[in-house]
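Step one of this worksheet: look at the structure below.
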Amino acid sequence: MSLSQTLSFSPENELDNLYTLNQISVHSENWKAMLDAIIPVLRSCFIFDNLAVYLVDDEGRQLEAAFARVIGRGRSAGGEISWGEAVSGQVFNQNKAVIQKPDLQNPPAERLEMPYILGVPIQRQGKAIGALTFARFGGPDYTPENSRLASFLADLLSANLAQQTDAELRQQLENERLQAQLQDDFVSSITHELRTPLGFIKGYATTLLRTDMAWDADTQKEFLTIIEKESDRLEELIDNLLDSARLQSGAMPMAFQPVRVDVLIKDAITRSRTNQESLQIKLHIAETLPPVEGDPKRLGQVIDNLINNATKYASNAPLDITILPEEDELHLIFQDKGPGIPQHHLAHLFERFYRAPDQAINIRGTGLGLYICRQIVQQHHGKITVESKVGDGTAFHVFLPYRQKPSHPQPMMDM
Ligand code: ATP
Ligand code: MG
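According to this note's numbering, the residues represented by the sequence shown are 16 to 430, in order.
Put into structure tokens, the structure is as follows:
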């Protein structure tokens, strides 16, 4: 049962009523929820058909409708906001309560054309920041008690608004702080990662070009191999950076088609063996594997990074890759027998630039690989998770649905 259902208004005791309003205000999540909870309670002693809130815009010049409810007889008129508009302007400009009555000398034929409007200012430090208006159709006149209640409600609104603005401001500052921290980490990590291969390339190229030294063919080949390897590393780094930026902004379209994941994995193993012949990878596959709907290039990237991580962080330990066909999805497990990852890092592993420092201290990387993996898997409506135990090894699980769901348009937001 909501608070507004348990509280009621007494026509006799004004102080009790103020206390009730205050109670609702204290327990409401935000000012709009507060008004929605207050309206039914307030109406038990104060008849109105329409309530609207107008707040001044950021430049402090114009009033904008921020909330409106039609409750009683005005419901069919559809003019939720327009009833109080003219009065709200007067209230705001004069910074005082205004009551507007219909011209009873020449009464209009329609009751709905006879609104009695009460407007009170919403103030902050004595200055009007908006107006709260009530409209009722066909009278009776507003009593002084109605006006006092309306003003009290406007004050509660002002306090709630200030609280919300403070909370939003705090959240915004915190987001900016985190963003700045991320940028700092990004710049220092990228600078270091770019400088390292660049340093090697420049160093070995300069050495080879020295005219005062003569290098034999083997040494020249060794230096050129290092230059080639470091250029590859640089290229990979730039590709990862571009991919992560594209994935983050949603600008990487997926080319879905039927994909044989076992074939992708076999190709990835062959690729990684060309770099490291001693690799101990075992592939366990069920006999019949249904294809998944996916982007082969991007899924290949996920598999490459998971194998690459195992070879980097669990080097000289065997890696078991298992493919399990489950009811709606393919379940891939990359289980290594490496050193494992301490528990407190696991929740952060898929964040951009996150590296578990104890593992990564002497191993090159930027902390982009798993972030890219997660983004790609999510774009396939799948899931990637990690399990690890220090001393026992690490297992990454990837779940890929066989079929992609059609995307649905987002519903429109209410005011
Ligand atoms: P990049 O992939 O961008 O070159 P990276 O390998 O450091 O850099 P991720 O692939 O995102 O980045 O991995 C994040 C971190 O997770 C790694 O730095 C490492 O600390 C930890 N990690 C990943 N895989 C393993 C694994 N198999 N065993 C132990 N630690 C791992
Ligand atoms: Mg990696």
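In this text, a Cβ means the ideal position worked out from N, Cα and C, and glycines have one as well.
- For N65, the uninterrupted beta strand (DSSP E) segment begins and ends at 65-71.
- Using a Cβ distance threshold of 9 Å, K352 and A332 count as a contacting pair.
- Classified as exposed, S203 has fewer than 16 neighbouring CB atoms from the shown chains inside 10 Å of its CB.
- With fewer than 16 other CB atoms across the displayed protein chains lying within 10 angstroms of its CB, G141 is exposed.
- By the criterion of a C-beta distance shorter than 8 Å, Y417 is surrounded in its chain by P305, P306, V307, E308, D343, E344, L345, once the five residues flanking it on both sides are discounted.
- For the options I338, I378, L57, R313, the alpha carbon positioned closest to that of I387 is the one of R313.
- Taking C-alpha positions only, D156 is separated from M49 by approximately 26 Å.
- Measuring C-alpha to C-alpha distances from L33 to each of V68, V135, L168 identifies L168 as the nearest.
- Close to ligand 2, as judged by a C-beta nearer than 7 Å to any of its heavy atoms, are the residues N320, N323, N324, K327, G380, G384, L385, in chain order.
- The alpha-carbon separation between V135 and N190 amounts to approximately 36 Å.
- For P354, the distance from the CB to the nearest heavy atom of ligand 1 is below 8 Å.
- For H207, the distance from the CB to the nearest heavy atom of ligand 1 is not below 8 Å.
- The Cβ atoms of A146 and F107 lie closer than 9 Å to each other.
- CA-to-CA, the gap between Q115 and A182 works out to about 36 Å.
- The Cβ-Cβ distance between K327 and G380 falls below 9 Å.
- Taking A52 as reference, the option from N37, D64, I62 with the minimal CA-CA separation is N37.
- In the DSSP assignment, Y328 falls outside any beta strand (DSSP E) and within the unbroken alpha helix (DSSP H) covering 311-328.
- One thing to note: N175 has its Cβ no nearer than 9 Å to the Cβ of S59.
- Residue state for Y131 is assigned as strand, using DSSP reduced to three classes.
- Taken through DSSP and simplified to helix, strand or coil, P136 comes out as strand.
- Note that the C-beta distance between D335 and A283 is not below 9 Å.
- Taking the CA atoms as reference points, P55 sits about 22 Å from S103.
- Membership of Q187 in the alpha helix (DSSP H) is indicated by the continuous run 159-224.
- Cβ neighbours of A410 within its own chain (closer than 8 Å, five residues either side excluded): I348, F349, Q350, D351, V401, E402, S403.
- Not one heavy atom of ligand 1 falls within 8 Å of the beta-carbon of G397.
- Here DSSP, grouped into helix, strand and coil, assigns I348 to strand.
- Each of T285, R286, F152 was checked against the Cα of F63, and the nearest Cα belongs to F152.
- Ranked by how close their Cα comes to the Cα of M269, the residues Q390, D254, S173 have Q390 in first place.
- Using a 10 angstroms sphere on the CB of R275, the tally of other CB atoms stays under 16, which defines it as exposed.
- Counting every other CB atom within 10 Å of its CB across the protein chains shown gives L171 a total of 16 or more, marking it as buried.
- Between A301 and P340, the C-beta spacing is below 9 Å.
- Rounded to whole angstroms, the gap between the alpha carbons of D258 and Q394 is 13 Å.
- Among the bridge pairs identified by DSSP, D335 is matched with K297, Q350.
- The beta carbon of P117 is closer than 6 Å to those of M129 in its chain, skipping five residues each way along the sequence.
- Collapsing the DSSP output to three states places H412 in a strand.
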